Structure formats: structure tokens, C-alpha cells
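What follows is a short report on a single structure.
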Amino acid sequence: MSNALAITLTIGVLCFDVLLLLAILTTRLARGLQERRERLLEKRLLEQLQYETLHLDAFKTKDLLRLFSRISPALRFNEALELQFLNHLTDTSYMKKIGKRLRGFSVLGRIEAAAKLRNFAKIPEIKETLLDALKQEKNPVVILYLFQALARIGEKKAISIMLRKLHYSTSWMAGRYRSLLLGYKSQLLPYLLKRLNRKSPAMRLLICEYALLYSTESLKEYLVEQAQTPNKQVRNTALKALCRHFPKRLLVPEFKEPHFQDTLPYVIKAYANLQDKRLIHEMLAYSNHTRLHDDLVQGLTEMSERSPSLISLLLTRFVKHTSSQQKTILAKVLDNRLSYILESHEGPLSPQLSDLLTTLAEQLHISGLIQFLNTTKNKEKQEEVLTLIKQRAKKHKRLRELLIMYVDPNLLERMQLKPHNPKGPGATPHQERPQRLMLILLLVATLLVFPLLILATELPNLIDLNAREILNLYVVRFNYLLVYYSVTINIIYLAVLAVSFRAANTQNRLWRAKDGQMLFQKGLLPSVSIIAPAYNEASNIIESTNSLLNQQYPDYELIVVNDGSKDATLKTLIDYYNLEKQDKMVSRRLSTRPLRGIYMNKSIPNLIVVDKVNGGKADSLNLGLNTATKEFFCGIDADSLLEPDALLKAVSVMLDTPIESIATGGNICPVNGCTVELGTLDNVRLPDNFLARLQSLEYIRSFMTGRVGWASMNLLLIISGAFGIFHRERTIATGGYLTKSGKFHKDTVGEDMELVVRLSRYMREKHKPYRVKYACNANCWTEVPEKWKVLRRQRNRWHRGLIDIMLFHSSMIGNPRYGRLGMVGMLYYFIFELLGPFVEAQGLLFVILGAVLGLLNLPIALMLFTATIGLGILVSLSAVFISEYDRPLYSGRDISRLLAMAVVENFGVRQVISLLRVSAYFSAMRKNRGWGAQVRVGFKASTSQTKTK
226 MSNALAITLT IGVLCFDVLL LLAILTTRLA RGLQERRERL LEKRLLEQLQ
276 YETLHLDAFK TKDLLRLFSR ISPALRFNEA LELQFLNHLT DTSYMKKIGK
326 RLRGFSVLGR IEAAAKLRNF AKIPEIKETL LDALKQEKNP VVILYLFQAL
376 ARIGEKKAIS IMLRKLHYST SWMAGRYRSL LLGYKSQLLP YLLKRLNRKS
426 PAMRLLICEY ALLYSTESLK EYLVEQAQTP NKQVRNTALK ALCRHFPKRL
476 LVPEFKEPHF QDTLPYVIKA YANLQDKRLI HEMLAYSNHT RLHDDLVQGL
526 TEMSERSPSL ISLLLTRFVK HTSSQQKTIL AKVLDNRLSY ILESHEGPLS
576 PQLSDLLTTL AEQLHISGLI QFLNTTKNKE KQEEVLTLIK QRAKKHKRLR
626 ELLIMYVDPN LLERMQLKPH NPKGPGATPH QERPQRLMLI LLLVATLLVF
676 PLLILATELP NLIDLNAREI LNLYVVRFNY LLVYYSVTIN IIYLAVLAVS
726 FRAANTQNRL WRAKDGQMLF QKGLLPSVSI IAPAYNEASN IIESTNSLLN
776 QQYPDYELIV VNDGSKDATL KTLIDYYNLE KQDKMVSRRL STRPLRGIYM
826 NKSIPNLIVV DKVNGGKADS LNLGLNTATK EFFCGIDADS LLEPDALLKA
876 VSVMLDTPIE SIATGGNICP VNGCTVELGT LDNVRLPDNF LARLQSLEYI
926 RSFMTGRVGW ASMNLLLIIS GAFGIFHRER TIATGGYLTK SGKFHKDTVG
976 EDMELVVRLS RYMREKHKPY RVKYACNANC WTEVPEKWKV LRRQRNRWHR
1026 GLIDIMLFHS SMIGNPRYGR LGMVGMLYYF IFELLGPFVE AQGLLFVILG
1076 AVLGLLNLPI ALMLFTATIG LGILVSLSAV FISEYDRPLY SGRDISRLLA
1126 MAVVENFGVR QVISLLRVSA YFSAMRKNRG WGAQVRVGFK ASTSQTKTK
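Residue numbering for the sequence shown follows this note's numbering, starting at 226 and increasing by one per position.
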């Protein structure tokens, strides 16, 4: 290569770097001016509204429309002012232009047009325009926006149109349409009654869901028919509706002795809903079905809560029954109500109560007993119970351990029980047998690739050269190959970033097309169970839990799983939220370490705290999956903070595609340097620590930009375990998170990526269309390492996890059976992420060797600089530009520091990170030690220190 060409290419890349830097600064300046203008316009409009003197001609139509859409949800206009607004905007050419966009070629343009017109749908001309567009529209996502605009004004003409389109929609999008149709309430019923003979599963499900929400006598017999259909989803919905509104209709032979066994739990629920004590013996007749025991306990407990007078009847039956199965069920029911029974009983313990307490202690159903002992004010009765239980505890080791674990220490002293370590054995560290031979073969193959290429191309020239000349030739050729490799990988990065820029822009425009009324429409977004595993997180568990409880989302529950913490994590949660230990039905669909207790507070119904024996993060998530009841689940680290709308943004991207999304995720941002107050980010700042600032740039490059591009191509293989949302039933069907006790009898330290790969593989093998989504505007904040020692351990774990996953799913790599997933996604991670660090390490070695031997002439030196440093800076600046383009995260000063880091990191820092990954490869040849224990300093204190033991 000539000097002139090398100089030209270097100058060209550096010019691109400078131009991109100027673009970032210019974009930020332009946005600041635009935001200032928006504030002035909004202030002027609000002043006019305050004095009811509107001068709408003083505003541009585009500005006025944007301001009206923004402030109308927060303000209540009187009819005259609203009419003035609507008439003024409707008569403008701009609104007519928007109407024409409903028939345009751009899907995004049609969605934005529908979103802009929905506030004017009550105007007859606009309404007819929307109806005509709805009739002609073929794209399912556009249909959703058009129908939502008409549904919010209750336009009945849209019902018939949507009932026809419902039959041809995908199952995912059909669920969204049904939620909007059900919002019509009684207006929908006449349309449904005309379609009772339709065989379409989508129509049958809609009718059953309507009957579930609204008690309708005219649909009762239809529900009876559908409750016996082979379609499981339709059948279960019909059974729920009958159970809720017509429970007596389930107490007939065809349901009490059903063809489908999953009908019986609904029969038990129907008995409970009738609240008739004469039917209790019929309920208990089902005690010979072991799998119905939990349903019987739940049903009888609910009956006793609604009617406390039933407790005496249950207690009498408990004493008289000889059936061990019925006695066990009644014991569990009475344990759930034990505090009430003991507190309401006057005088000393009766023989019946003594027998009950003895049986409960022997069967280890002691949640109610513990609750009574820890909370009662009646000291005499407390002493009686203590005396009785003390005698049993002396003979029963497991009972003694449970009492020591959960009873107040002062009461333990009165029972003469000495506390010891009740935690039991912890989880065995991740000790998968390393696949040394495979790793050695991969290493040898990687190290031989470049030498073999050089040998193949230079073989004729090597014959006449001596050893020193061969070495010189090899070093020079290797450096050229390193240039080609670096150019290739950076071009791939830039291509993905280009896709990310377009995808992020589209995603942000679609987010603005949604409004609160749309997103909070009942059933439009799927319900979510947030699962937060916590191990020794006492320092920040309250801030994290408050953050998660403050999510702006229509339907979610929070499950905090205490993974056998050795600190005060559980006690901190119990004391702060005033939790009580309860018996709650938890399925065993996934094998996990033992459950120790469930804690709830009736005044915070969406908070569930689960206590379990230590088993690791994956095991905790599996137990959370067993406990969860929602359609999707969100796995999040307990030391992380979600922005209030993060969950809403992450899940709402599922509405942007007509097919099922099996997973979605959001950004991970370093909280180091930020101020946190009561679980909420009070002030966002870039960390002062160099390493934390470096990771801020890395996370922007990886999360906010790179993963958006991979997701838009449906090639995303990793969603961070700190903030990932997955389809619950799909996850359980594939075996949940990998653990030794699970389906695959295997542990992994990369459970987040492994789950995404396994879910994608499952959908591919089942030939089901799917998407893995990513929200570029949903942020989760967490602490990052600030010491090299801690960072080295973290990167070691990450790379070991990647190696483990690549080897476990090796059959997918380059396999056409898995389409682009195998041929592009898995192949990329295998070549550039798994083996790439060895190429970079070799390159570093030969660059140094070339410099020592004096072999780096000007063209080679310039091309190495351009390919590794110049393009590296370009990639980082591109990532910052994309993240700043629509929604700035940091202040101007922090952005300047971030831009400086984009340059500095290329001079040694990124090379050190590559060497850490090489070290991790050799670490994978030894027995892995797992994730290790991290000790957090908490959010309220300085978040500048993160230690790992």
C-alpha cells in the first residue's frame, strides 16, 4: 500500500470522527433551542387558556396540534374552548394533509396520522376518515391505532369492521383487538349474540371473555357449551366466567365428573363462591385427588374469611374426621385462620384447639402459629401456646429449626431454644465440568488461522528466506491481516449502528404515537410479574423495592425472592412493609431449592416476598416463576432501579409488531454518581470514577444502540438479566432458567443470554413466528465496578458465560435450520465475541514485535491506527450520537466528558479489556467458581464503591 493511500484513508476516517463530533454538539444545541421554544409556546398557550382568550392564529398549526395533544390529557377544557380548538385545527390544510397520510405507503406515517387524528375523532369528518381507513387497512398494527382512535369515542360502526378483521389476525394481535372491543361494554353484546354460532376460536374466546367481565344471563348456556370444548384457552375462559357469575351451573355431573381434568379446580372454586356450609362435605369429597388439595385449601380459606362463623364448623370436622387427607386439608385451612381462632377464643385452650395445634405442629403447618406468637397482645394465651409447642419441638427436629428461623428471639428464649444457623446448606457454586478438550481445540484452531493464511499465500517466497526474514515477513503479513480483521469488525459495528439509528428513530416515533389512554386500556398490554432475586441486599433493598412498586404500568405484581441472605434483607423487608407470613399456593412446575415462606401485606396486594434456601440467581428466578401469576415476567436485579415508565416503555414495543414477542429488554445505565432518594433517581450524573465512566460509554455502545439494531433484525441473542422481560409460559415450557435441579441438569453463569438463545431455539424448532424486542428508551440503573479487580472478575464471568452458552448450543452455530439466528447471530458471537479476543491479543503482540523489529513502515502504521483507533473512535461517537439524537441522558458537561472517553478508551483501555477476556477463556478450562458474592454500599450513600468478596 502506498503512503499516499494510507494517509488519505487515515485523514478520511479522522474527518468522519470530527464531523460526527460536531454533529453531536450541533444536535444537542439545536435540541436545546427547540425545547426552549416549546416551553415558551406552551407558556403562552396556557396563559391564554387561563384567561379564556384564545388567539389560535398566532400559532402554527403544527405547533398547536402538538401542544394540544400534550396538554389536553392534563387539562379539562370547557366545551366552548375545546370546540374552538377542534374547529380551528380541523379546517386547516395541515389536518387535511394528515388525513391523506392515512392512505400513504409508509406504515409509520399511517400510524402517526392515526395518532394525531384520535383527539379529533368526535368531529364527523375526521370520524368518517378514520372509519374509511379502518375498512381498507391491511396492516395489523395500523389497524390497532385506527381502532383505538375510534374506540375511545365509542364509535359503534367500528365494531362490525373489527369483528370481521378479528378472524384474520394473529393470536397476539387478536388479543389486543379483543381488549379494545371489550371496552365497549354493553354496546358490544348485541353484536356478540348475533355470532353465537360462529366456530372461529377468536370469536368464541371474545364472547367468553365478555361473559367473564360482564355477568350476562343470555350467555350462560353458551358458556356451558364452551366449557366443554377441546380448545383449552376457550374452555378455561368459559369455566372462569361460569365460576364467577353462575357457580351453581358447574355443580352438575358433566362438570363434577368431567372429560377434561383441568375442570375440577373450577368446580372447587364454584363451591367456594356459593358460600354454602352445607356443601363443604361435597368439597371435601375431592380430597382423594391429591392435585386438588391446594385448591381445596384455598377455597375453604376464602369461605372462612368471608364468613368467620364457618370456622367452628371446620374445627368440629377437623376433630371428628378420620380421613387423613381431609384432616390434612382442614389443618392447612385452620392454620391460615389460626390467629383469628386463637384471638377470638376466650379462656384457656380447649381440647379441640390443643389437638389442632398439636396436629399443625406435627405436620409443620405453622405459618398461622408463628404469626400469632409474634403479634399477639394476649400474654396468657401466648404462654399456653408456647408451653404446648415447646413439648413438641423437643421431639421434632424440623419443627425446632422452623421455630428458630421465624419466631421472635425473645420467645425462643422462653421456650429454651438456642438459635443456631438455620439457613441450611447454601447453593453449590457453579462447577460445571470444563470442556477442556473442546476449548483447547478451538484455541489451537484460532491461533493457526492467520499462520495458515500467510503460509498459503506466501509459500513460494518462503523457500529462499532465512529464519529472520521469515519472521519479518510473518510479522508484516500478520499486521496486514489484523488491519483487515479490524476493518471488518468495525464495519459490522457501524452497519449495526446504522440499522440501530433507523430503528431507534422509528421506535421513538412510535412511542410518541402512543398515549396514556391507549397504554392503560385494560388488557391492551400484557400483565407482568416483576421478579427480583435478592442476596445480601439489605443496604439498598428498600430503595429498589420502592422503585419497582412505583412503576407506571396497568397490571403488574412484584415478587422479591430472598435467596437465603445472610444479612438482614428479609427482616428489613418485613419491618418496612409490615409483612405477614402466609400460606399461598405455589406450583412446582420448575424444580427449585426449598421454599421457606411467603410474606404479604393485604394493603399492598401486588407485593409478594418469597424466602427460600440459597440456590443462586437462576434458582431464585425459577421459584419466582412458580409463584408468578401474570402473562409475562420481568427479571431484574434487586440492586437495580427502574425509571417509573421503564416497564411501560419496554413492554409497549410489543404493540409495534403483529406477531408474538417472546422477550424484550431495556438499557442498563450506571447509577454511580447519581443521587437516589426513596427509590427514585433524583439527579442523573456521569460517574467521576474513570472505570465507571468507561462503562457508561460501553453500556451506551452496547445497550442503547447496538442491541436496538440486532433486535430490529430479529437477531438479538442477549437481554441483560438486570432488566429483561420474557413470556412466562414459553419460559416454563423450555425448562426455565438453567439449574442443576432443572430440566437440563446444568448450571450456567450466563443465564440471561442462555434463556434468550433457548427461547429463540424453541420457537424456531416449533416453527412459530416470534420477535425478540428491545426498547431503546427504557432505562434501568445499577451499580457498576469501580476497581480493576472487580471489573476483571465481572468480565471473567461474562466471557465464561458466553463460552458456556456457545458450547451448550453449538449445534445452532452456522446451522441453516435456524435461519438467520444460526447463520448470522450465533456465527457472529462465535467468531467475533468468543474467539475474537485471541485475534486482538495476537495483533497487539505482533504490533509490539513489529515496532521492536522496525518493521512498521508508514503505510502499515497508519492503517493499524486507522483500523483500530480511528474506526474505534468512530464507532463510539456514533453510539453517543444515536443515544443523544432523540432523548439526551446526561448534561452538556457530562456529554463532553463522555466524548473525551470515546477517544481515550482506544489508547490502551479497550486492549486491556480484550486481554481480560482472553484470561477468562483460560479460566473456563478450570472449574468455575460461579458469580461470587457482591456487597453493595447502597444508593443513598456514595455509590462510588463496589466491592466483591
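Ideal placement from N, C-alpha and C gives every residue a C-beta, glycine not left out. These figures come from a predicted structure and were not determined experimentally.
Boundaries (first-last residue) of the alpha helix (DSSP H) holding residue i
i, result
"N461", "K457 to H470"
"C433", "P426 to L438"
"T770", "I766 to L774"
"S404", "S396 to L407"
"I799", "T794 to Y802"
Supposed close pair residue i, residue j - CB separation, criterion 8 Å
i, j, result
"S886", "K998", "5 Å"
"L1177", "I766", "This structure cannot speak to residue 1177, because the chain is shown only from 226 to 1174."
"N498", "N733", "So it is not a contact: roughly 47 Å between Cβ atoms."
"L1099", "F293", "The Cβ separation is near 42 Å, so there is no contact."
"P912", "G891", "Rounded, the Cβ-Cβ distance is 20 Å, inconsistent with contact."
"V544", "D580", "6 Å"
Beta-carbon proximity of residue i to residue j, cut-off 8 Å
i, j, result
"L369", "L356", "no"
"V522", "I554", "yes"
"L1070", "R989", "no"
"Y393", "L413", "no"
"I432", "Y416", "no"
"L706", "L678", "yes"
"D560", "L585", "yes"
"L783", "L832", "yes"
"L667", "L1060", "yes"
Coil, strand or helix - residue i by DSSP
i, result
"G1039", "coil"
"N545", "Here residue 545 is Lys; the residue named in the question, Asn, does not match the sequence. Looking at K545 - three-state DSSP - the assignment turns out to be helix."
"P634", "helix"
"F293", "helix"
"S754", "strand"
"M825", "strand"
"T900", "strand"
"L690", "coil"
"E782", "strand"
Alpha carbon of residue i to alpha carbon of residue j, nearest angstrom
i, j, result
"A871", "N513", "47 Å"
"K809", "S921", "42 Å"
"L509", "T956", "35 Å"
"L749", "K557", "38 Å"
"N787", "E762", "9 Å"
"G1068", "L1089", "10 Å"
"T235", "S927", "26 Å"
"L1081", "I232", "15 Å"
"T462", "F485", "14 Å"
"A229", "G960", "59 Å"
"I591", "A618", "12 Å"
"A843", "V753", "19 Å"
"S1101", "I695", "37 Å"
"P659", "V1015", "23 Å"
"I688", "L680", "11 Å"
"L1123", "I893", "16 Å"
"N1004", "E923", "15 Å"
"H1212", "L517", "The shown model of the chain, from 226 to 1174, leaves out residue 1212, and the question about it has no answer."
"K648", "G841", "Unreliable placement is indicated for K648, whose pLDDT of 46 sits below 50; the coordinate value is still reported in the next sentence. In a straight line, the C-alpha of K648 is about 14 Å away from that of G841."
"P685", "V700", "17 Å"
"H570", "K615", "21 Å"
"S331", "R401", "22 Å"
"A958", "L672", "40 Å"
"K390", "H992", "24 Å"
Start and end residues, beta strand (DSSP E) containing residue i
i, result
"H952", "F948 to H952"
"G890", "S886 to P895"
"F1063", "Premise fails: F1063 lies in the alpha helix (DSSP H), G1061 to L1078, not in any beta strand (DSSP E)."
"L984", "Where L984 is concerned, there is no enclosing beta strand (DSSP E), although the alpha helix (DSSP H) it sits in stretches over E976 to E990."
The ligand MG heavy atom lying under 7 Å from the CB of residue i
i, result
"S985", "With respect to the ligand MG, the structure shown offers nothing to examine, as it has no ligands at all."
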